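Inspection log for the structure reproduced underneath, given as structure tokens.
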Amino acid sequence: MSTYLIKDARILGGDAQDVLIRDGLIAGIGAGLAAEDATVVEAAGQILLPGLVDLHTHLREPGREDAETVATGANAAALGGFTAVHAMANTDPVADTAGTVEQVWRLGQESGRCDVHPVGAVTVGLAGKRLAELGAMADSAARVRVFSDDGKCVDDAVIMRRALEYVKAFDGVVAQHAQEPRLTEGAQMNEGTVSGELGLRGWPAVAEESIIARDVLLTAHVGSRLHVCHVSTAGSVEILRWAKSKGWNVTAEVTPHHLLLTDELVRSYDPVYKVNPPLRTAADVAALREALADGTIDAVATDHAPHPGEDKDCEWAVAAMGMLGLETALSIVQETMVDTGLLDWAGVADRMSTRPADIGRLDGHGRPIAVGEPANLVLVDPGARRTVEPSELASRSRNTPYAGLVLPGRVVATFLRGVPTVIDGKLA
Ligand SMILES: [Zn+2]
1 MSTYLIKDAR
11 ILGGDAQDVL
21 IRDGLIAGIG
31 AGLAAEDATV
41 VEAAGQILLP
51 GLVDLHTHLR
61 EPGREDAETV
71 ATGANAAALG
81 GFTAVHAMAN
91 TDPVADTAGT
101 VEQVWRLGQE
111 SGRCDVHPVG
121 AVTVGLAGKR
131 LAELGAMADS
141 AARVRVFSDD
151 GKCVDDAVIM
161 RRALEYVKAF
171 DGVVAQHAQE
181 PRLTEGAQMN
191 EGTVSGELGL
201 RGWPAVAEES
211 IIARDVLLTA
221 HVGSRLHVCH
231 VSTAGSVEIL
241 RWAKSKGWNV
251 TAEVTPHHLL
261 LTDELVRSYD
271 PVYKVNPPLR
281 TAADVAALRE
291 ALADGTIDAV
301 ATDHAPHPGE
311 DKDCEWAVAA
321 MGMLGLETAL
331 SIVQETMVDT
341 GLLDWAGVAD
351 RMSTRPADIG
361 RLDGHGRPIA
371 VGEPANLVLV
381 DPGARRTVEP
391 SELASRSRNT
401 PYAGLVLPGR
411 VVATFLRGVP
421 TVIDGKLA
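Take 1 as the starting number for the sequence shown in full-length UniProt numbering and just add one per residue.
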């Protein structure tokens, strides 16, 4: 295998050091390292982080390969600095059997760009009626540990309880898309001042908060492990803070877009801003940033949701929900958390690598940058500025809400087990 010597990188934002990568592992860290056989990567001024881990992506394969494939999604992930992503189960067919999750797992390994860990559906066909083959998916080659009906809420309390009980057998976690279905029938955007003015059907914060409240109580009752997907309201943060204060095994994620964008953008009626859960208010954004900074929210997860043009370039009311995220996530986190002084780079490593890897029970990811550890790494130039050009994205879809925006930071290189998947900001 090849050998790389990263020169003068600031590990987790600290002092500049050299890092030697050999045979897939970190072989040395120090000042003035030399290795004759190594390819040198000059990294002065750049930050070295553990490879990012995403708990929440939609890669659309099988079934909607016109929007994304595992291969194009893995390319987008690598360019975004990710070395592992979790692919949600709401594909066609749904990833609710060992066969389907093994197929997704294999496609990720074949891509070679990023480890793709399939999320297993909680219920058969995401229908919310019968538990899927959770144990068979856990025992499969894909080794599934995260289960979610994401896109839909497991709203039946008995089914949710059974799922929480079942996953305990293999240290799994149920990742809930918290959306009370009756309270959100026909909902188009956040319920509030803007929805009132626009006359669009509102999506109340309580629809999210009531499910989270129920689920943390259920989780405590059965002694299991819950992960809350894409937390979007200040009230949800308060419930999570309370649940954690009780010592319950509850974790949560926030998306980059909920850290930056608000429902004011819906005034444009541009469906690129239509997303589930919806963009909320500035007060919610402030609460989410604070919660990510203090650890109440454990992780950033992209909810990368590619859609082809025909599903987005249409009227607001009929447009699909979701936005791209993999290739811009780190820049949005830098802008909202690092450049604002809320989080340092070690904090970014924790929220975007260490904790998500732990929640997903991944081996080899989210590890410390230390000799003997797997060389899953990302080099970031925090001083770079770039304008987001949708046509330049590696994703097969174009529905980024950041088109034309100038964002801070650039992923310069990504290493997956010592092999560059991205070098000089381009796919290797
Ligand atoms: Zn969701």
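All residues carry an ideal CB built from backbone N, CA and C; glycine is no exception. These figures come from a predicted structure and were not determined experimentally.
Would you tell me roughly how many angstroms separate the C-alpha atoms of R130 and C153, rounded to the nearest one? 14 Å
A286 burial status per 10 Å Cβ neighbour count (16 or more: buried): exposed
Exposure of residue 431, with buried meaning 16 or more beta-carbon neighbours within 10 Å: This structure cannot speak to residue 431, because the chain is shown only from 1 to 428.
Examine ligand 1 and report whether any of its heavy atoms sits within less than 6 Å of the Cβ of H177. yes
Under DSSP, the beta strand (DSSP E) around Y4 begins and ends at which residues? T3 to I11
Taking A252 as part of the beta strand (DSSP E), name the residues at either end of that continuous run. V250 to V254
Sufficient close CB pairs (3 or more, under 8 Å) joining the region 186-198 to the region 265-275: yes
Measuring straight from C-alpha to C-alpha, what distance separates Y402 and L126? 31 Å
Can you name the start and end residues of the beta strand (DSSP E) that residue 435 belongs to? The question about residue 435 has no answer here: the residues shown for the chain are numbered 1 through 428.
Please work out which residues of its chain come closer than 7 Å, Cβ to Cβ, to T72, disregarding the five sequence neighbours upstream and downstream, and give them in chain order. A394, S395 and R396
Neighbourhood of T262 by C-beta distance below 7 Å, restricted to the same chain and skipping five residues each side: L279, R280, T281, A282 and V285
With burial defined as no fewer than 16 other Cβ atoms inside 10 Å of the residue's Cβ, what is the status of R367: buried or exposed? buried
Less than 7 Å between the beta carbons of A77 and L326, yes or no? yes
Taking just the CA atoms, how far does L5 sit from A34? 8 Å
Among D54, G51, D18 and R60, which has the Cα closest to the Cα of A38? D18
Within a Cβ cutoff of 6 Å, which residues of the same chain sit near M88, ignoring the five residues on either side of it in sequence? H58, V119 and D150
Round the Cβ separation of R143 and G172 to the nearest angstrom and send it over; I've been treating them as touching at under 8 Å. Actually they do not touch by this definition, with Cβ atoms about 10 Å apart.
Within 10 Å of its beta-carbon, does P181 have 16 or more other beta-carbons around it, so buried, or fewer, so exposed? exposed
Measure the Cβ-Cβ separation of A299 and E253 and say whether it is below 7 Å. yes
Tell me, which residues are paired with L48 by DSSP? I11 and L379
Going by C-alpha to C-alpha distance, which of L292, T354, Q176 and T255 sits closest to L343? L292
Take D66 and list the residues in its own chain whose beta-carbon comes closer than 6 Å to its own, dropping the five residues that flank it on each side. P308
Check whether the Cβ of C153 sits closer than 6 Å to any heavy atom of ligand 1, and report yes or no. no
Alpha carbon to alpha carbon, how far is V318 from G13? 44 Å
Thinking just about the alpha-carbon of each residue, which of P390, P420 and D8 is nearest to the one in V406? P390
Best match in I11, A74 and V70 for proximity to L427 [C-alpha to C-alpha]: A74
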